[in-house]
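Protein chains in written order, with numbering that gives the first Met the number 0: chain A, 0 to 205; chain B, 0 to 116. Just so you know, even glycine gets a beta-carbon here, dropped at the ideal spot from N, CA and C. Report on one structure; see the data block that follows.
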Amino acid sequence: MPHDHDHPHETRPDAPDHLTYYQTMEVAVRELLIEKGIVTADDVRRQVEDMDGRNAGMGAKMVARAWVDPAYKQRMLSDGNAAAEEVGLDRGLYKLVVVENTPQQHNVIVCTLCSCYPRWLLGLPPDWYKSRNYRSRVVNEPRAVLREFGLELPDHMTVRVHDSNADMRYLVLPMRPAGTEGFSEEQLAAIVTRDSMIGVTVPAVG
Amino acid sequence: MSKRAMTKARSEVPPAGPARASVPAHFKAGDRVRVLELFPLGHVRTPWYIRGKSGTVERLCGAYPNPEELAYHRSGLPAQPLYRVRFLQRDVWPDYHGNPTDTVDLEIYQHWLEEVP
């Protein structure tokens with residue numbers, strides 16, 4: 000369709016006209032910290048770069064190791080932080096609780112209060128994880144929410160929702176899918192997605 | 000981040016269980032507990048939907064500074080034992096549809112819990 004009709008389109012300004020209260024607060028605090036020599040602008044930039052560079056590949060490395068090494072899996076379930084360190088990752092500042100999917104139970108993570116998430120292993124949480132819709136509904140009707148993510152669970156399976164509402168952080172250890180016999184640890188890690196470690200889906204081959 | 004800033008930032012995040020003044024733990028895994036039905040003002044990390052509900056202690060997570068105090072720049076000490084408590088969904092939501100064994104686990108500080116006789 001040619002774009003030559005006569006009504007004007009609303010244009011989006013290049014920069015927002017005003018900052019929200021918290022955006023102003025962030026700028027003010029950041030400028031003060033720099034001015035007082037507590038951090039430098041480069042420190043702030045480096046932290047943002049570090050956080051943006053983190054992704055679910057780190058958590059996937061732990062899951063793949065657990066799939067090939069039963070002793071590691073046991074250590075991961077009893078001490079998630081030490082298990083992260085064991086595969087060369089940060090142990091993190093929060094205690095990591097790893098919850099295991101089995102043929103009898105499926106686990107799913109939420110933070111109903113805000114957006115608590117194992118950022119050091121999975122990167123920044125997806126927008127939907129922070130949405131009021133997900134946070135309020137997955138605790139109350141998890142099966143319906145999982146169905147919307149394309150995950151249909153059999154009625155006989157127990158669904159365990161974990162509300163990350165205080166000092167722990169959570170990682171779901173999914174089940175190793177069929178068809179991965181003979182996969183290397185790297186090949187296994189490649190099929191472990193972010194969403195499967197939050198528990199709104201399960202890893203699949205192909 | 001500069002070393003000084005990093006040290007400060009780390010000191011404000013609850014570390015994974017070092018020695019510090021803490022309240023003794025009253026409960027253990029398997030104990031039946033009820034979340035107090037209180038409605039205090041301020042920063043509280045006990046969600047409304049679980050207040051007044053009964054569940055079973057899944058594990059003791061360690062002791063952590065009380066977030067209701069930390070929010071106001073107080074020390075939060077002595078640290079409060081923190082538990083993962085497992086609730087049956089049908090006990091939390093009267094109209095819950097789904098397997099009766101479905102659960103929701105939350106982290107609850109000890110001062111929000113009472114024993115279920």
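Find the residues of chain E that neighbour residue 111(A), judging by a C-beta separation of less than 8 Å, and give them in chain order.
Judged by its chain identifiers, the structure shown contains no chain E, and its protein chains are A and B.
Within-8 Å CB hit, residue 132(A) to chain B
no
Just checking, does the segment 55 to 73 of chain A make contact with the segment 191 to 203 of chain A on the three C-beta pairs under 8 Å criterion?
yes
So residue 84(B) contacts chain A; which residues on that side make the cut at Cβ distance below 8 Å?
Those within 8 Å of residue 84(B) in chain A number zero; the least Cβ separation is about 10 Å.
Alpha carbon to alpha carbon, how far is residue 166(A) from residue 154(A)?
32 Å
Could you tell me which chain A residues have their CB closer than 8 Å to the CB of residue 106(B), listed as they occur along the chain?
162, 163, 164, 165, 166, 167
Let me see if you follow: with CB-CB separation under 8 Å, is residue 204(A) close to chain B or not?
no
Report yes or no: is there a C-beta of chain A within less than 8 Å of the C-beta of residue 92(B)?
yes
Under 7 Å Cβ-Cβ, which residues of chain A neighbour residue 81(B)?
165, 166
Distance between residue 23(B) and residue 73(B) (C-alpha atoms, nearest Å):
20 Å
Kindly say whether residue 65(B), judged by its beta-carbon, lies nearer than 8 Å to any beta-carbon of chain A.
no
If I measure Cβ to Cβ from residue 97(A) and keep anything under 6 Å in the same chain, skipping five residues before and after, which residues do I get?
75, 76, 79, 170, 172
Residue 94(A) by DSSP, collapsed to three states: which one?
strand
Of the listed residues 112(B), 105(B), 111(B), nearest to residue 162(A) (C-alpha basis)
105(B)
One question on the structure: do residue 115(A) and residue 134(A) come within less than 8 Å of each other, judged by their Cβ atoms?
no
Could you name each continuous beta strand (DSSP E) segment of 3 residues or more that falls completely within the segment 77 to 134 of chain A, going from the start of the chain to the end?
94 to 99, 104 to 109
Please go through the segment 40 to 109 of chain B and give each complete alpha helix (DSSP H) segment of 4 or more residues, from N-terminal end onward.
66 to 69, 88 to 91
Using a Cβ cut-off of 8 Å (strictly closer), state whether residue 100(A) contacts chain B.
no
Given that a residue counts as buried once 16 or more other Cβ atoms are within 10 Å of its Cβ, and exposed if not, what is residue 81(B)?
buried
Using a 10 Å radius around the Cβ and a threshold of 16 neighbouring Cβ atoms, would you call residue 45(B) buried or exposed?
buried
Closer than 9 Å by beta-carbon distance: list the chain A residues that pair up with residue 51(B), in chain order.
Those within 9 Å of residue 51(B) in chain A number zero; the least Cβ separation is about 16 Å.
Residues of the segment 35 to 47 of chain A with Cβ closer than 9 Å to any Cβ of chain B, in chain order:
36, 37, 38, 39, 42, 43, 45, 46
Alpha-carbon spacing of residue 110(B) relative to residue 42(B), whole angstroms:
15 Å
Relative to the C-alpha of residue 79(B), which candidate in 59(B), 94(B), 92(B) has its C-alpha closest?
59(B)
My assumption, with CB atoms under 8 Å, is that residue 64(A) sits in contact with residue 86(A). Please give the rounded CB distance.
6 Å
Nearest-angstrom Cα distance between residue 16(A) and residue 50(A)?
28 Å
What are the boundary residues of the beta strand (DSSP E) that includes residue 168(A)?
167 to 172
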